[in-house]
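Engineer:
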Amino acid sequence: MAEYRAEAPPSQPAGRAMRYAPAAALAALLLAVATQSALRHAPSIPVVGVGFALAAAIFAWAARRSRERQPDAGPAPWPAPCAALAAEAVALVAILAAAAFFRFFRFTSFPPGLWYDEGLNGMEALTLIDKHQLVLWSESADGRPTLYLYLLAGALKLFGTNLVAMRLLPALAGLGAVAAFYALARRLLDRPGALVATALLAVARWPVTFSRISWEASLVPVLEIAAVYFLLRGLDTGRRWAFAVSGALLATGLYTYLAFRMVPVVFAMLLAYVALTQREIVRARLRDLLVLAAVFVALAAPLGAYTITHPDDVLARSREVSVFNDMDTDGRLDPLRHNVLASARMMNVRGDPNGRSNIPHAPMLDVVTGALLVLGLAAAVAGYRDWRRGGLAAWYVLALVPGALSLTRGNPSAIRGLGAVAPTFLLIGLAVSLLWQTLAGRRGGAAVFAIIAAAMVVSSAGVNYYDLFHRQAHDRTVYDAFDPVYGEIGRAIARDGGEKRVLVSSGFASHPSLQLLAHGVPYAVIDARTPELPAPAPVETVLLLELDDLAILRQLQTRFPELQRDQRTDPFGRPTYIIVTIPAAPR
């Protein structure tokens, strides 16, 4: 729980312009929401820039006016400290419950299966269990650090090789990110802004999607948020242990997803911003920052040493997906320009085309959060002299760099942009906080704000629920992106392999998701090119065949006329595979 800070809202500002600030802020919010809503239905409308620019300008003006206060603030509309903390605790518990619901609802049915790389993660995690020495770097999947694989190995060891074990780690990481985000938001925002921003993060489809996929990228938000939180806590309090924890978390992140390499750059930028705007803070904490740097270097040293001795291994993936490959092919800067524009538009206009990461091409944010992001960016840029505002805008831009520097065909990239989750929702919280400040000093303003905040959270939750569990879950491109047939066959083997004789077509058997879910269960592989038909057995025999294994099927029907054949289909009515059941031979 964040420590209590008395927060009296601004009093009635003097002057005619000041009286118009609340109306201007509400008008800006309505204009931004209307523009974002129009974009959702017609992404190519030409007036979108005008609508957002006008809303941003109006909101920035209202935010500046709201900061001018009378000397006597008057009574705060918030409850007394003890009651306020109790209300805050209840609200936070409700938010975490909503976050858990969005991450655990239909836990094993959406996504519809384990994608190839997820299965590969699980299989490699199982191999790490049996190794007697620490492995820092894995050559599989084009090379990556192994921290996530070790954590996944623990989950598989505890819960078995099943979907629950595979998805538990990213789900808990996503839940932890929401809790850590609130702590960070309370360092930067007031209570209303922090609560609303955290509630919107808890139900946002973009981070929720990656809380359901077993990738190392799922650890990026929680580690980044926690590292920045302890940095700010150290800067605020001077507690040296907070700097040490921040450095440890920053180094730990380097052992996860490759795009986390941008986070130390974010740290450097934030500290530079603080040094430029409030030099005395950095000067007073210089020794503590050296502790942070020392802990970071010490914990990152093993990976750094491996990078020095194996640079081709560590940098291979980054080189493979670099936009500079496209630029070399085209001989122009067009690919980079395309990526920068795509990354800038991904939140509000046109998002990731990959069905594993998104409803193809849908904006990463809903109407409410997309509109608030525009207003938050405007307020951050307008308040650039304050590092707690301007630093958020710079953080947001830097976090989009990994995606912008990747191949054009994968842009915009939701997974490479996961580092932008924290600044995105902090900017959203900044907009909410400034809206609160413009309204709270007016008669009835706190009630108006409460109604608006509740409407924003409820509508965002409803839209994201529908988009995630209906649109995204029932989208054919999303379904195909996860190759669910292999996981379905793997679960069938796990279910029947102990009591029945199970044979699997060779075209299925090589998929790592099948191998993982059927791990430890006896089954045989039948090759369609040189089939060796099964002999009669005292137990029931089940064959899981590809659709084009017709030659095997005809031979089986000749030898076992009593067999039963069942052709399975996917939710869209397309045939996927054939189950052949041969009764047990009479004893």
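Last residue of the sequence shown: 592 (my numbering), numbering continuous. From the three backbone atoms N, C-alpha and C, an ideal C-beta is built for every residue, glycine too.
#1: To the nearest angstrom, report how far apart TRP83 and ALA289 are at their CA atoms.
#2: CB-CB under 8 Å to TRP142, same chain, minus the five flanking residues each way: which ones, in chain order?
#3: Counting C-beta neighbours from all protein chains within 10 Å, is the total for ILE557 16 or more, i.e. buried, or is it exposed?
#4: With distances taken Cα to Cα, identify the nearest neighbour of ARG24 among LEU397, ARG448, ASP195.
#5: Quick one: what's got a C-beta closer than 6 Å to ILE420's C-beta in the same chain, skipping five residues either side?
#6: Apart from the five residues just before and just after VAL208, which ones in its own chain have a Cβ nearer than 7 Å to its Cβ?
#7: Just reading off the beta strand (DSSP E) that SER510 is part of, what are its end residues?
#8: Residues in the same chain with beta-carbon distance under 6 Å from ASP472, minus the five sequence neighbours each way, listed in chain order, please.
#9: If you draw a straight line from the alpha carbon of PRO212 to that of GLN560, how long is it in whole angstroms?
#10: If we define contact as Cβ-Cβ less than 7 Å, is LEU173 a contact residue for chain B?
#11: Taking the alpha-carbon positions, what's the ALA78 to TRP441 distance?
#12: Beta-carbon within less than 7 Å of ALA160's beta-carbon, same chain only, minus the 5 sequence neighbours each way: which residues are those?
#13: Go ahead and label SER114 buried or exposed: buried means 16 or more other beta carbons lie within 10 angstroms of its beta carbon, across all protein chains shown.
#14: So PRO576 and GLY118 are supposed to be a Cβ contact under 8 Å. How far apart are they, rounded?
#15: Is LEU154 buried or exposed, if buried means 16 or more other CB atoms sit within 10 Å of its CB?
#16: So, ALA486 versus VAL526, is the Cβ gap smaller than 7 Å?
#17: Determine the burial state of ILE583: buried for a count of at least 16 other Cβ atoms within 10 Å of its Cβ, exposed for fewer.
#18: Confirm, please, whether the CB-CB distance from SER438 to GLY198 is below 7 Å.
#19: Would you call ILE313 buried or exposed, if buried means 16 or more other Cβ atoms sit within 10 Å of its Cβ?
#20: Helix, strand or coil: how does DSSP classify TRP246 here?
#21: Compute the distance between the beta-carbons of LEU435 and ALA384, then report whether it is under 7 Å.
#22: When DSSP labels each residue in this structure, what does THR535 get in the three-state scheme?
#23: What did DSSP end up calling TRP220 once you bin it into helix, strand or coil?
#24: For ALA451 versus ALA445, is the C-beta spacing smaller than 7 Å?
#25: Pull up the distance between the alpha-carbon of ALA306 and that of VAL547, whole angstroms please.
#26: In whole angstroms, what separates the C-alpha of GLU129 from that of GLU504?
#27: Determine the burial state of VAL406: buried for a count of at least 16 other Cβ atoms within 10 Å of its Cβ, exposed for fewer.
#28: Determine the extent of the alpha helix (DSSP H) in which PRO117 is found, giving its start and end residues.
#29: Below 6 Å CB to CB, which residues in the same chain sit around MET351 once its five sequence neighbours on both sides are set aside?
#30: Suppose the cutoff is 8 Å on Cβ atoms and the five residues either side in sequence are ignored; what does the same chain contact list for VAL345 look like?
#31: Compare the beta carbon distance of ALA455 and PRO428 with 7 Å and say whether it is the shorter of the two.
#32: Considering only residues of the same chain and omitting the five flanking positions on each side of LEU125, which have a CB-CB separation below 8 Å?
#33: Is LEU338 helix, strand or coil when you go by DSSP?
#34: Please report the Cβ distance between THR374 and LEU552, rounded to the nearest whole angstrom; I am assuming they are in contact, meaning their Cβ atoms lie under 8 Å.
#35: Ordered along the chain, which non-local residues of its own chain (more than five positions away) have a Cβ less than 8 Å from that of MET6?
#36: Please list the terminal residues of the continuous beta strand (DSSP E) segment that includes ILE583.
Structural biologist: Reading it off the structure:
#1: No answer about TRP83 holds up, because its pLDDT of 45 lies below 50 and its placement is not dependable.
#2: Result list for TRP142: GLY148, ARG149, PRO150, THR151, LEU308, TYR311, HIS315, ASP318, VAL319, in chain order.
#3: Under this definition ILE557 is a buried residue.
#4: The option with the nearest alpha carbon to ARG24 is ARG448.
#5: These residues qualify, in order along the chain: ALA222, SER362.
#6: Correct list, in chain order: ALA103, PHE107, SER465, ALA466, ASN469.
#7: In this chain, the beta strand (DSSP E) harbouring SER510 covers 506-510.
#8: In its chain, beyond the 5 residues on either side, ARG210 have a beta carbon closer than 6 Å to the beta carbon of ASP472.
#9: A direct Cα-Cα distance of roughly 50 Å separates PRO212 from GLN560.
#10: In the displayed structure, chain B is absent; only one protein chain is listed.
#11: Low confidence applies to ALA78: its pLDDT is 37, below 50, so where it sits in the model is not reliable, and the reading given next is rough at best. Near 15 Å, if we compare the C-alpha coordinates of TRP441 and ALA78.
#12: For ALA160, where only same-chain residues beyond five positions count, the Cβ hits under 7 Å are ALA170, LEU173, LEU174.
#13: So SER114 counts as exposed.
#14: About 12 Å; that fails the 8 Å criterion.
#15: Buried is the call here.
#16: Contact: no.
#17: Result: buried.
#18: Closer than 7 Å, so yes.
#19: Counting every other CB atom within 10 Å of its CB across the protein chains shown gives ILE313 a total below 16, marking it as exposed.
#20: TRP246 falls in the helix class under three-state DSSP.
#21: Yes; because the gap between Cβ atoms is below 7 Å, this pair is in contact.
#22: Looking at THR535 - three-state DSSP - the assignment turns out to be coil, as it is neither helix nor strand.
#23: Here TRP220 carries a coil assignment [DSSP, helix/strand/coil].
#24: Using a Cβ distance threshold of 7 Å, ALA451 and ALA445 count as a contacting pair.
#25: Each residue's Cα considered, the two are about 52 Å apart.
#26: Taking the straight line joining both Cα atoms gives about 28 Å.
#27: The residue in question, VAL406, is buried, as its Cβ has 16 or more Cβ neighbours within 10 Å.
#28: Taken as a continuous stretch (DSSP letters only), PRO117 belongs to no alpha helix (DSSP H), as it is neither H nor E.
#29: For MET351, where only same-chain residues beyond five positions count, the Cβ hits under 6 Å are MET369, PRO417.
#30: Closer than 8 Å at the Cβ level, and outside the excluded window around VAL345, lie ALA409.
#31: Going by C-beta atoms, ALA455 is not nearer than 7 Å to PRO428.
#32: So the qualifying residues of the chain are SER145, ALA146, PRO517.
#33: In this structure, DSSP gives LEU338 a state outside helix and strand, which the three-state scheme calls coil.
#34: Between LEU552 and THR374 the Cβ distance is about 43 Å, and since that is not below 8 Å, they are no contact.
#35: Confidence is the limiting factor: at MET6 the pLDDT is only 40, short of 50, which leaves the residue's position unreliable, though a coordinate-based value still follows. The residues are LEU90, GLU93, ALA94, LEU97.
#36: Here the beta strand (DSSP E) through ILE583 covers 580-587.
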